[in-house]
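Number 268 in UniProt numbering belongs to position 268 of the sequence shown; there are no gaps in the numbering.
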Amino acid sequence: MKEIFQLLKKGNKSALTAAIVNVLVSIIKGTTYIFTGNVAMFAETLHSLGDAANQFFVFVGSALSKKRPTKRFPNGFGRVVNLVLLGAVLIVGIMAFETIKEGLAHIFHPTESTGFLINLLVLGVCTILEGFVLVKAMHEIAHDVGLESRGLKLFKDSLANFGKAKAATRLVFLEDSVATGGGLLAMIAIIISYYTPYHQAEGIASILIGILMFIVVGKVFLDNAAGAIGESDEVMQVQIGQLVMTDPDVQDIQVITVLKEGDFFHVEVEVELDPEMTLAQVDDVKDRLEESILAVKGVVDVLVTFDEDDAISNWEYGDGR
1 MKEIFQLLKK GNKSALTAAI VNVLVSIIKG TTYIFTGNVA MFAETLHSLG
51 DAANQFFVFV GSALSKKRPT KRFPNGFGRV VNLVLLGAVL IVGIMAFETI
101 KEGLAHIFHP TESTGFLINL LVLGVCTILE GFVLVKAMHE IAHDVGLESR
151 GLKLFKDSLA NFGKAKAATR LVFLEDSVAT GGGLLAMIAI IISYYTPYHQ
201 AEGIASILIG ILMFIVVGKV FLDNAAGAIG ESDEVMQVQI GQLVMTDPDV
251 QDIQVITVLK EGDFFHVEVE VELDPEMTLA QVDDVKDRLE ESILAVKGVV
301 DVLVTFDEDD AISNWEYGDG R
């Protein structure tokens, strides 16, 4: 039990914050829907409820992925976060389906909802709360790539480096982008429905919110299916390759593989050395390379092998010197 609590402390903070905020938001929205019968509010309630459950599972999964390797699982538990995210998107998918179904029902059988001001007030407050979580996720993305961005630069940097962020952080960013946009969309629909006889606007908003949720499901599923299978990280591969080539005794890189598991990297590299080197010199090169590669953030193990220099250049990205 103590180990579990220690692991939970290492869980993704953005996911935990998002889960707490969305529980609060879903309660507020759900209570408002019960009293007003507003279908756009119903869509937002399901959306927030799905996000809350999703993000809580993501927090737990990101924490469990930090568990140290065991004899039974020598490669560690890095892929646990990908497996949890694959399960979590099913929740969002179900909520998206229900949201679209309710929207279609409202289009074919439109009804006028009540509580115009309370609906706008609740959605406005909840959208601000979800926007707060979105900004926190942006800061997390910037932090993952070593940036300290502020203001409009934070928005730009988070979009530019989205693919480099942790899987859990990417999911929170996607979900709360949709949540913030969905809240604004629902507010517009309520205003149209109130000031015009076009009450179907709320149903259309519900369908659009459901479609946005399905887009998140598709994106997250594809990303984490690749992660669960085990995918190479080309950006990290180039970075480590250039680092290896800075060693004065390395002539070339024959093969390099960087396998990403969750938030961690496993590195295998075969380098070419001068065939005249002694065993002691080769051992020194091995120690230097392992030390420098393990110093790279996220790398948890390294396998270095050697071959004699064949005078043919294999490293495609320059020697890094």
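Even glycine gets a Cβ: it sits at the ideal position worked out from N, Cα and C.
As assigned by DSSP and simplified to three states, the class of residue i
i: residue 300; result: strand
i: residue 188; result: helix
i: residue 252; result: strand
i: residue 221; result: helix
i: residue 274; result: coil
i: residue 269; result: strand
i: residue 307; result: strand
i: residue 120; result: helix
i: residue 264; result: strand
i: residue 145; result: coil
i: residue 257; result: strand
i: residue 368; result: Look at the range of the chain in this structure, 1 to 321, and you will see that residue 368 is not part of it.
i: residue 232; result: strand
i: residue 150; result: coil
i: residue 45; result: helix
Length of the line joining the Cα atoms of residue i and residue j
i: residue 197; j: residue 203; result: 13 angstroms
i: residue 91; j: residue 311; result: 55 angstroms
i: residue 301; j: residue 144; result: 20 angstroms
i: residue 136; j: residue 298; result: 22 angstroms
i: residue 74; j: residue 261; result: 13 angstroms
i: residue 138; j: residue 167; result: 13 angstroms
i: residue 230; j: residue 293; result: 20 angstroms
i: residue 129; j: residue 215; result: 22 angstroms
i: residue 217; j: residue 241; result: 34 angstroms
i: residue 78; j: residue 244; result: 25 angstroms
i: residue 291; j: residue 141; result: 27 angstroms
i: residue 279; j: residue 313; result: 24 angstroms
i: residue 147; j: residue 193; result: 44 angstroms
i: residue 303; j: residue 125; result: 52 angstroms
i: residue 34; j: residue 162; result: 37 angstroms
i: residue 132; j: residue 159; result: 17 angstroms
i: residue 320; j: residue 24; result: In this predicted model, residue 320 has a pLDDT of only 39, less than 50, meaning its place in the structure is not dependable enough to derive any value.
i: residue 351; j: residue 165; result: Past the edges of the chain, shown from 1 to 321, lies residue 351, and the structure says nothing about it.
Whole-angstrom C-beta distance between residue j and residue i, which should lie under 8 angstroms
i: residue 253; j: residue 271; result: 6 angstroms
i: residue 38; j: residue 119; result: 5 angstroms
i: residue 58; j: residue 88; result: 6 angstroms
i: residue 180; j: residue 127; result: 6 angstroms
i: residue 233; j: residue 265; result: 6 angstroms
i: residue 223; j: residue 288; result: Not confirmed; about 35 angstroms, so no contact.
i: residue 157; j: residue 251; result: The Cβ separation is near 38 angstroms, so there is no contact.
i: residue 83; j: residue 228; result: 6 angstroms
i: residue 103; j: residue 201; result: That belief does not hold up - the Cβ atoms of residue 103 and residue 201 are roughly 10 angstroms apart, past 8 angstroms.
Sequence-distant residues of the same chain with beta carbon closer than 7 angstroms to residue i, five excluded per side
i: residue 185; result: 205, 208, 209
i: residue 213; result: 47, 92, 95, 96, 99, 178
i: residue 282; result: 273, 306
Close-in-space but distant-in-sequence residues of the same chain around residue i (CB under 6 angstroms, 5 per side omitted)
i: residue 63; result: 7, 8, 10, 11
i: residue 255; result: 270
i: residue 61; result: 80, 81, 84
i: residue 305; result: 270
i: residue 189; result: 40, 201, 202, 205
i: residue 275; result: 308
i: residue 285; result: 249
Beta-carbon proximity list for residue i, same chain, < 8 angstroms, skipping 5 on both sides
i: residue 122; result: 28, 29, 32, 41
i: residue 211; result: 96, 100
Stretch pair the stretch 68–80 + the stretch 40–59: three plus CB contacts closer than 8 angstroms
no
Can you confirm whether the stretch 171–181 touches the stretch 4–18 when touching is taken to mean that 3 or more C-beta pairs between the two stretches lie within less than 8 angstroms? yes
Checklist entry - Are there three or more Cβ pairs, one per stretch, closer than 8 angstroms when the stretch 26–41 is compared with the stretch 109–116? => result yes
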